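S.K.: Start counting the sequence shown at 336; every next residue gets the next number (our numbering).
C-beta atoms are modelled at their ideal positions from N, C-alpha and C, and glycine is treated no differently.
All figures in this text were calculated on a predicted structure; none of them were measured in a lab.
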Amino acid sequence: MDTKVLGFAVFLIHALAYEWKKPYKKVYEILNDSGILDNYIIPHYDVLHTQGKQYLVEDITDFVKEKGVSI
Numbered sequence: 336m337d338t339k340v341l342g343f344a345v346f347l348i349h350a351l352a353y354e355w356k357k358p359y360k361k362v363y364e365i366l367n368d369s370g371i372l373d374n375y376i377i378p379h380y381d382v383l384h385t386q387g388k389q390y391l392v393e394d395i396t397d398f399v400k401e402k403g404v405s406i
């Protein structure tokens, strides 16, 4: 994995952890177990990294809820 993509994933995990008031590890587990990390965030880095932090947090939060995962 490219270091830019990895850095972006870490940034996003931290932003979600802050918003969801969850530990980073729990956020990683939610994103990894639901497939959002490997099937959405990483493959769509080129588009996602151009978006603002608040948009990304809302987008991923909505996506997690659509998958039926509680946060």
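Is the separation between the beta-carbon of Val362 and that of Trp355 shorter than 8 Å?
M.R.: One thing to note: Val362 has its Cβ within 8 Å of the Cβ of Trp355.
S.K.: Can you have a look at Val399 and say buried or exposed, based on whether 16 or more other CB atoms are within 10 angstroms of its CB?
M.R.: buried
S.K.: Is it buried or exposed, Leu341, if we count other Cβ atoms within 10 angstroms and call 16 or more buried?
M.R.: exposed
S.K.: Per DSSP, what kind of secondary structure is Gly342 in: helix, strand or coil?
M.R.: helix
S.K.: Tell me which residues share the same chain as Leu351 and place their Cβ nearer than 7 Å to its Cβ, disregarding the 5 neighbours each side in the sequence.
M.R.: Excluding sequence neighbours, Leu351 sits near Val362, Val392, Ile395.
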